[in-house]
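*Asks:* Numbering of the sequence shown is given in my numbering, commencing with residue 2 and proceeding in unit increments. Cβ coordinates follow ideal geometry from the N, Cα and C atoms, glycine included.
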Amino acid sequence: MNHCASQSGSIVQRLMVVAWELTRSCNLRCAHCRGSAESVTYDGELSTEECLRVIDDIVTVAHPVLILTGGEPLVRPDWPEIARYAAGRGLMVAVGTNGTLVTPSIAAQMKAVPVFRVSVSLDFPRAELQDAFRGQTGAFDAALAGIRSLRAAGIDVQVNSTVTRRNVAYLEDLLSIALREGAVAFHPFMLVPTGRGKNLRGEELSPADYERALNWMYDRQKELGDRIFFKPTDAPHYMRIVKTRQKSSGDGPEGAVAPNSLKRRHTVNTITRGCLAGTGFCFISHRGRVQGCGYFDVGAGDLREQRFPEIWAHSKVFSDIRDLSLLKGKCGRCEHKTICGGCRARAYEATGDYLEAEPYCVYEPKGECAACLSVTHGG
């Protein structure tokens with residue numbers, strides 16, 4: 002089903018991915034952490050019983066990929082019970098981890114759930130740089146050991162890298178590590194300075210450097226094809242780059258949204274739209290706060306006061322960002338807003354208004370008909 006801003010004025014929601022911060026506790030102290038996580042016990046975390054009830058509610062809406070994350074989810078003792086319950090209710094369970102606590106035994110537990118994919122964060126290709134960024138000596142070696150334990154257990158691994166001025170020059174080296182270690186996906190996260198990451202203000206790539214980095218990702222995806230899947234995150238304007246480059250060079254059919262066609266395509270290996278906050282994706286905090294994403298620090302609802310289906314369907318925040326006619330500035334004028342939408346989290350952090358223009362995009366709208374640039378988004 003095609004959705005177009007000029008025809009409907011809104012994006013029709015279809016829940017595809019839920020990222021759930023099982024705990025905010027973490028064994029590391031990373032420089033960019035959106036939650037400013039520490040190795041402490043946080044009050045008010047959802048109990049095991051509350052978590053199972055939320056899973057029951059989620060499956061009444063859809064059967065999305067469920068990413069169990071943190072903090073560091075593996076420091077929560079009941080993570081296997083929660084993961085098994087979610088898998089038993091028909092959800093595809095993934096885990097987002099820093100990798101340092103993944104032992105062969107933990108990997109075997111994940112395989113038994115079954116966890117179908119684990120993302121491991123790796124921001125630098127050298128130990129001294131990774132350890133400094135992650136706040137712990139040995140973090141680099143432990144993350145690589147975790148990746149190897151996961152691969153030995155037969156679990157697909159995804160490498161996540163938060164991109165800043167400090168490490169953009171190492172993207173090729175990080176990709177090489179991902180390929181060498183047998184990762185199936187490489188997700189560069191473009192920094193959103195929230196939480197402890199606010200201390201990195203000024204470390205964001207300039208809009209021009211973002212453009213160069215995203216074009217590098219497109220080029221490398223074309224070259225590597227099915228060997229690995231690129232999914233730039235917190236970079237919705239990648240969709241505009243994909244679309245315009247495919248159209249100008251004939252790289253893909255009109256309306257295609259990814260530069261390759263993976264043999265094992267599923268939700269996590271598909272790029273359907275730029276900003277998915279509140280349309281295809283949401284985030285649940287350790288205390289049950291629902292948000293558009295982990296970086297989008299505006300509450301859409303509280304799972305201790307409302308049920309998940311009510312929040313997902315009727316939250317004012319989600320309704321606002323689904324209505325493309327409400328977008329302001331050049332995002333509101335842009336002919337690519339159906340497939341991009343701008344980063345709502347970055348707009349909020351920069352201006353205090355989540356409907357304002359994406360601040361790190363160099364593109365100037367041409368005012369073309371958005372109907373010509375519609376994209377399949379759901380149904």
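Do residue 119 and residue 88 count as a contact pair if the criterion is CB distance below 8 Å?
*Replies:* For residue 88 and residue 119, no; Cβs fall outside 8 Å.
*Asks:* What beta strand (DSSP E) runs, 3 residues minimum, are completely inside the segment 19-98?
*Replies:* Those beta strand (DSSP E) runs which fall completely within the segment 19-98 and span 3+ residues are 66-70, 93-98.
*Asks:* List in chain order: all unbroken alpha helix (DSSP H) runs of 4+ residues lying wholly within the segment 106-176.
*Replies:* For the segment 106-176, whole alpha helix (DSSP H) runs of length 4 or above, ordered along the chain, are 128-135, 140-153.
*Asks:* For my contact list, residue 60 and residue 74 are in at a C-beta cut-off of 8 Å; report their separation, rounded to the angstrom.
*Replies:* Not a contact, Cβ separation roughly 20 Å.
*Asks:* Do residue 279 and residue 347 come within 8 Å of each other at the CB atom, strictly closer than that value?
*Replies:* Their beta carbons are not under 8 Å apart, which means residue 347 does not touch residue 279 by this criterion.
*Asks:* Rounded C-beta distance between residue 356 and residue 329? I'm assuming under 8 Å.
*Replies:* Right, their Cβ atoms sit about 5 Å apart.
*Asks:* Grouping DSSP H, G and I as helix and E and B as strand, with all else coil, what is residue 305?
*Replies:* Of the three classes helix, strand and coil, the one that applies to residue 305 here is coil, per DSSP.
*Asks:* The alpha helix (DSSP H) that contains residue 247, what's its start and end?
*Replies:* First-last of the alpha helix (DSSP H) with residue 247: 239-250.
*Asks:* What residue range does the alpha helix (DSSP H) around residue 290 cover?
*Replies:* Element bounds for residue 290: not the alpha helix (DSSP H) but the beta strand (DSSP E), 290-292.
*Asks:* So which of 313, 353, 354 has the shortest CA-CA distance to residue 18?
*Replies:* Per the Cα distances, 313.
*Asks:* State yes or no: is the C-beta of residue 26 within less than 8 Å of the C-beta of residue 91?
*Replies:* No; because the gap between Cβ atoms is not below 8 Å, this pair is not in contact.
*Asks:* For the putative contact between residue 93 and residue 67, defined by C-beta atoms under 8 Å, what is the C-beta separation to the nearest angstrom?
*Replies:* Confirmed, about 7 Å.
*Asks:* From this set, 102, 98, 76, 191, which residue's C-alpha is nearest residue 42's C-alpha?
*Replies:* Of the candidates 102, 98, 76, 191, the one whose C-alpha sits nearest the C-alpha of residue 42 is 76.
*Asks:* Around the Cβ of residue 99, are there at least 16 other Cβ atoms within 10 angstroms (buried) or fewer (exposed)?
*Replies:* The residue in question, residue 99, is buried, as its Cβ has 16 or more Cβ neighbours within 10 Å.
*Asks:* Roughly how many whole angstroms lie between the Cα atoms of residue 136 and residue 31?
*Replies:* Approximately 6 Å between the Cα atoms of the pair.
*Asks:* Quick one: what does DSSP say residue 230 is sitting in, helix, strand or coil?
*Replies:* Reduced to three states, the DSSP call for residue 230 is strand.
*Asks:* DSSP puts residue 191 in a beta bridge; with which residues?
*Replies:* Paired residues: 164.
*Asks:* Which residues bound the beta strand (DSSP E) around residue 284?
*Replies:* Element bounds for residue 284: 282-285.
*Asks:* Using CA coordinates, which residue listed in 359, 169, 352 is at the minimum distance from residue 238?
*Replies:* Closest by alpha carbon: 359.
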